[in-house]
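Quick note on this note's numbering: the sequence shown kicks off at 5 and runs consecutively. Where is the CB? At the ideal position from N, CA and C, for every residue including glycine. Working notes, structure below.
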Amino acid sequence: MQSLVIDGGKFLHGEAEISGSKNVALKAVVAALLTDEEVIIEDVPAISDITLMEEIAKEYTALTGVVVRADLVPYGPQWHDKIATEFAARGSGFDLAVFDSQSMSEFASQNHVVALNDYLNKSEKIALSDFDAAAIRQYGEYPEGSGNIFALPVNQDAMGLVYRKDLFEDPKEMEAFKAKYGYELAVPKTYTELYDIAEFFTRPDQNLYGLASYGSRDYDAVTSPFDGILWSFGGELWDSTTKQAQGVINSDVAVEALTFYRDLFKFMPPGASGWFYDEVNNALHTGIAAMAINWYYFFQAHADPKIDPFADKLGYAALPGMDGADGKFRQHASVGGQGLSISAYSRNIEEAWKFLEWFMEPEQQWKWVEAGAQTGRVDVLTDPKYTTTKPWNASFPESMSHVKDYWHLVEYPQLLDSYQKYVNLAISGEMDPKEALDLVAAEHQVILDKIK
Numbered sequence: 005m006q007s008l009v010i011d012g013g014k015f016l017h018g019e020a021e022i023s024g025s026k027n028v029a030l031k032a033v034v035a036a037l038l039t040d041e042e043v044i045i046e047d048v049p050a051i052s053d054i055t056l057m058e059e060i061a062k063e064y065t066a067l068t069g070v071v072v073r074a075d076l077v078p079y080g081p082q083w084h085d086k087i088a089t090e091f092a093a094r095g096s097g098f099d100l101a102v103f104d105s106q107s108m109s110e111f112a113s114q115n116h117v118v119a120l121n122d123y124l125n126k127s128e129k130i131a132l133s134d135f136d137a138a139a140i141r142q143y144g145e146y147p148e149g150s151g152n153i154f155a156l157p158v159n160q161d162a163m164g165l166v167y168r169k170d171l172f173e174d175p176k177e178m179e180a181f182k183a184k185y186g187y188e189l190a191v192p193k194t195y196t197e198l199y200d201i202a203e204f205f206t207r208p209d210q211n212l213y214g215l216a217s218y219g220s221r222d223y224d225a226v227t228s229p230f231d232g233i234l235w236s237f238g239g240e241l242w243d244s245t246t247k248q249a250q251g252v253i254n255s256d257v258a259v260e261a262l263t264f265y266r267d268l269f270k271f272m273p274p275g276a277s278g279w280f281y282d283e284v285n286n287a288l289h290t291g292i293a294a295m296a297i298n299w300y301y302f303f304q305a306h307a308d309p310k311i312d313p314f315a316d317k318l319g320y321a322a323l324p325g326m327d328g329a330d331g332k333f334r335q336h337a338s339v340g341g342q343g344l345s346i347s348a349y350s351r352n353i354e355e356a357w358k359f360l361e362w363f364m365e366p367e368q369q370w371k372w373v374e375a376g377a378q379t380g381r382v383d384v385l386t387d388p389k390y391t392t393t394k395p396w397n398a399s400f401p402e403s404m405s406h407v408k409d410y411w412h413l414v415e416y417p418q419l420l421d422s423y424q425k426y427v428n429l430a431i432s433g434e435m436d437p438k439e440a441l442d443l444v445a446a447e448h449q450v451i452l453d454k455i456k
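What follows is the structure in structure tokens.
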């Protein structure tokens, strides 16, 4: 019986003993459970959509007899490094790989992944037009604008807002908010409104805080929510045409944005400067946050009332925007998610394509969405049923329409490490925001100047 290996998937980070995260294991579980031998994936909780993934896997095995198993690696740099190391060795340790969109330039530019254009053109089951054009550009295309496709979107993602509907809709809270701020309490449309709301609900004596968000230096934690603020304020990470960081990432508007994000931590629970997704979700589960910024990917943690007692009290929305000094309203959020690529060193390239082709058909993608993941198929995303499948799906397409990304450069890991370091120091109060971004600009410029 033939076997395929999909590399990817992520375990929870950190030092605390935890029961595991269904969401971060989800896409790897699809692959792992296709094998006809025993596969043990530690720390994955028994949740219904994991069972559904197992059923999808059994269907493929029954149809083809092909075994597919997953190689789970920790979330963060280890995930990228495991794939990059195998590619550098031109190893055949896996056939398909799931990796963040920012790594596509690194892997495709070095011919580590298979171009899918010919396969898509010849396929009688799926076509490029089946997928949202923006998702293809974000997760599969390299170079940008070339039309060369190296992955199909396996899990779209964006940062979004979660809020306590019971607090926002409480008549007494609404009255008090209007009396203090002069406008109605509602889901924030601007970051100014988000600031006011966060301030209003911050009541340490009641163990209630206005906001929960990322502050950790881990992986892309603190800069993912900050990027959305930076772009909404009118800032940029760099000038992609001139490859300039100096004067861009440390511009006046960028400093203003980082100062704003630092100041939001006054309205977060103690220790939030070290938080990532799990801590943000826990703040909602325990009722100590009125709002939270997180990836849609992790909203699944709020679906089960047994896990989150506030599950039926939560609302979901796109992140707000901001009126710039130029009078222009901008609304942006960080993009996340991954595509699924075929390794150029696989010994089973044709079979890997058949699996990828099958998994991307509507029937399997509907099951994928019902399990809590996000598809790239247009027919699923535009079906009225999609918005009711999960409570956060109604706002997800809007959030995806606002997304921007980090640098699509081979040097992404080095740029990110520097960026994370100094933004974390700024929001922690250990460094002035201007000093932090000046150092980011200086280090980034050295890296960018080496690009030919």
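{"Asked": "Continuous beta strand (DSSP E) stretch holding Asn-211: start and end", "Found": "That residue, Asn-211, is in no beta strand (DSSP E); it is neither H nor E in DSSP."}
{"Asked": "Asn-121 burial status per 10 Å Cβ neighbour count (16 or more: buried)", "Found": "exposed"}
{"Asked": "Top-ranked residue by Cα proximity to Leu-318, from Ala-356, Tyr-64, Leu-288 and Gly-325", "Found": "Leu-288"}
{"Asked": "Cβ distance (whole Å) where Asp-161 is taken to contact Gly-340 below 8 Å", "Found": "3 Å"}
{"Asked": "Own chain residues within Cβ distance below 6 Å of Lys-86, not counting five before or after", "Found": "Val-77"}
{"Asked": "Three-state class that DSSP yields for Ile-153 in the structure shown", "Found": "strand"}
{"Asked": "Which of helix, strand or coil DSSP assigns to Thr-290", "Found": "coil"}
{"Asked": "Presumed contact (8 Å Cβ cut-off) between Lys-105 and Asp-409, rounded CB distance", "Found": "This sequence places Ser at residue 105; Lys is not what is there. That belief holds up - the Cβ atoms of Ser-105 and Asp-409 are roughly 6 Å apart, short of 8 Å."}
{"Asked": "C-alpha distance - Thr-290 paired with Ser-150, whole-angstrom precision", "Found": "47 Å"}
{"Asked": "7 Å CB neighbourhood of Glu-260 in its chain, flanking five on each side removed", "Found": "Phe-237"}
{"Asked": "For Pro-49, three-class secondary structure by DSSP", "Found": "Note that Pro-49 scores a pLDDT of 29, beneath 50, so its modelled location is shaky; the value from the coordinates is reported in the next line. Reduced to three states, the DSSP call for Pro-49 is coil."}
{"Asked": "8 Å contact criterion, which Tyr-300 and Gln-378 should meet: CB distance rounded", "Found": "7 Å"}
{"Asked": "Buried or exposed (CB count within 10 angstroms, at least 16 for buried), Val-384", "Found": "buried"}
{"Asked": "For Ala-445, the three-state DSSP class (helix, strand or coil)", "Found": "helix"}
{"Asked": "Between the CA atoms of Met-326 and Thr-196 - distance to the nearest angstrom", "Found": "7 Å"}
{"Asked": "Check whether Glu-110 and Val-382 have beta carbons under 7 Å apart", "Found": "no"}
{"Asked": "Candidates Tyr-390, Ala-348 and Ala-322, of which the one nearest Gly-95 by Cα", "Found": "Ala-348"}
{"Asked": "Secondary structure of Phe-280, DSSP reduced to three states", "Found": "coil"}
{"Asked": "Sufficient close CB pairs (3 or more, under 8 Å) joining the stretch 177-193 to the stretch 306-313", "Found": "no"}
{"Asked": "Alpha-carbon spacing of Phe-264 relative to Val-257, whole angstroms", "Found": "10 Å"}
{"Asked": "Distance CB(Ile-233)-CB(Leu-241) smaller than 7 Å", "Found": "no"}
{"Asked": "Own chain, CB closer than 8 Å to Pro-81, minus 5 neighbours either side, in chain order", "Found": "Tyr-223 and Pro-417"}
{"Asked": "For Phe-103 and Val-158, the rounded distance between their alpha carbons", "Found": "10 Å"}
{"Asked": "Chain B within 7 Å of Tyr-199, Cβ atoms only", "Found": "The chain labelled as chain B is not found in the depicted structure, where only one protein chain is given."}
{"Asked": "For Lys-126: DSSP bridge partner residues", "Found": "Answer by DSSP bridge pairing: none, since Lys-126 is not bridged."}
{"Asked": "DSSP-derived helix/strand/coil call for Pro-437", "Found": "helix"}
{"Asked": "Coil, strand or helix - Asp-136 by DSSP", "Found": "coil"}
{"Asked": "Neighbour-count burial assignment, Ala-202, 16 or more Cβ in a 10 Å radius", "Found": "buried"}
{"Asked": "Same chain, Cβ closer than 8 Å to Gln-457, five either side skipped, listed in chain order", "Found": "Absent from the structure is residue 457, since the part of the chain shown begins at 5 and ends at 456."}
{"Asked": "Collapsed DSSP secondary structure at Asn-254 in the structure displayed", "Found": "coil"}
{"Asked": "Exposure label - Asp-421; buried when at least 16 CB within 10 Å", "Found": "exposed"}
{"Asked": "The stretch 428-436 in contact with the stretch 131-138 per 3-pair CB rule at 8 Å", "Found": "no"}
{"Asked": "With 16 other Cβ atoms within 10 Å as the buried cut-off, status of Gly-376", "Found": "buried"}
{"Asked": "Asn-428, enclosing alpha helix (DSSP H) - first and last residue", "Found": "416-431"}
{"Asked": "Residue range of the unbroken alpha helix (DSSP H) whose run includes Gly-343", "Found": "Looking at the DSSP string, Gly-343 is not in any alpha helix (DSSP H); the run it does join, the beta strand (DSSP E), is 337-346."}
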